[in-house]
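Number 841 in the numbering used here belongs to position 176 of the sequence shown; there are no gaps in the numbering. Where a beta carbon is used, it is the ideal one built from N, C-alpha and C, also for glycine. Quick caveat: nothing in here was measured; it's all calculated off a predicted structure. As C-alpha cells, the structure follows; a few thoughts come after it.
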Amino acid sequence: MAARKRAPAGAPALMVKAAKRAAKAHAEHPPAKRPARRRRLRGAALQAQADTVLQRLLAEYPDAHCALDHRNAFELLSATILSAQCTDKRVNMVTPALFARYPDASTMASARQEDVEELVRSAGFFRSKAKSLIGMASAIVARHDGAVPDAMEDLVVLPGVGRKTANVVLGNAFGRNEGIVVDTHVTRLANRLGLTTESDAVKIERALIPLFPREHWTILSHLLIEHGRQVCDARKPRCSSCLLADICPSALV
Ligand code: SF4
C-alpha cells in the first residue's frame, strides 16, 4: 500500500490541517482494489479462454440481439449511422418518426437537409448525421436501385458507413458473418477478459476473428455488449456476481 504523507514536524498549521484532511479522506474512501497484473493469454490458453467465454455467455444471454429497432436493412443502416456517439435507446426514440416520414432510400434521398436535421437532432451531431443519411440514401438509389447492398465493399463506400456499420448490417439484416462488430463494450470486455491487448477497433476485430467460429461472429458482439451493460460496467464492474470471474484476469474479487 502506498505510504500516506504526514506533515513534517514544525510544519505550518495549514500543512498540518491539509495532511489530516487527506488522512481522513483516505480512511473514508480507500483506493479501489486493483486486479493483480493481467496475465497475457496465448496459444491454447487463449483459445480455451475464448471458448469458455462464448459458451457461458451463450447460455446466460440466449436472447441477445441487436438493440437497434429495425424492420429492414435500410432502417438498420440508418439507425446504425445515427448510433455513433449516441445510445441505442436514444436512437430508438428518434427512428419511428424518421422512418414514418422517410421509409426507404428513395424518400430519404430526396429529403431536405433541415427536415432530417430536425428529426434526428436529439441523437447528437445532427447536421453531419442528417448529411450522412441523405448521402447514403442518394448513393443507394444511384448505384443499387434503392436497395441496400449486401457486400462489404459496397457498404463501406457509402457516406457515413465504416466497417463497423457495415458489419452490423451484414450480420443482422442479411445474416452474413463477414466480421465482428467492435464497439466500446466489445473493446472493454475483450481487453478485460484477456482476449486481446489492442485498443484499436480494427486490430481488436483481427484478434477476435481467429478465436471464434464464424457462425458466432455476429452473436459474439451482442453477447459481449449485453454482458458489458448488465455486469461488466465500464466504471463499476460487478465482478462478485460475474459468471466469468473465475477465468477473468481483470476480476476484482
Ligand atoms: S470478472 Fe469483472 S472485469 Fe471480468 S468480465 Fe466479469 S465483471 Fe468484467
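Closest option to residue 759, judged by alpha-carbon separation, among 775, 740, 777: 740. Contact check for residue 838 against residue 802 fails: the beta carbons are separated by 7 Å or more. Collapsing the DSSP output to three states places residue 900 in coil.
Excluding its 5 nearest sequence neighbours in each direction, residue 815 has C-beta neighbours in its own chain below 6 Å: 839, listed in chain order. By the C-beta density criterion, residue 724 is exposed, having fewer than 16 other C-beta atoms within 10 angstroms. Within the region 699 to 773, the complete alpha helix (DSSP H) segments at least 4 residues long are 708 to 725, 738 to 747, 753 to 766, listed from N- to C-terminus.
For residue 909, the CB falls within less than 6 Å of some heavy atom of ligand 1. The C-beta distance from residue 849 to residue 864 rounds to 11 Å, too long to fall under 8 Å, and the pair is not in contact. Residue 868 is classed as exposed because its beta carbon has fewer than 16 other beta carbons within 10 Å across all chains shown. Excluding residues up to 5 positions away in sequence, 746, 824, 825 lie with their Cβ nearer than 7 Å to the Cβ of residue 797 in the same chain. Taking C-alpha positions only, residue 709 is separated from residue 720 by approximately 16 Å. When 765, 915, 776, 877 are compared, the shortest CA-CA separation from residue 722 is found for 877. Counted as a single uninterrupted DSSP element, the alpha helix (DSSP H) harbouring residue 803 occupies residues 791 to 809. Within its own chain, no residue has a Cβ closer than 6 Å to the Cβ of residue 737 once the five positions on either side in sequence are excluded.
Uninterrupted alpha helix (DSSP H) stretches at least 4 residues long and entirely within the region 830 to 878 occur at 849 to 857, 866 to 873, given in chain order.
Contact annotation: residue 854 and residue 907 have beta-carbon atoms that are not nearer than 7 Å. Taking 6 Å as the cut-off, the C-beta of residue 905 does not count as close to any heavy atom of ligand 1. Distance between residue 764 and residue 808, taken at the CA atoms: about 22 Å.
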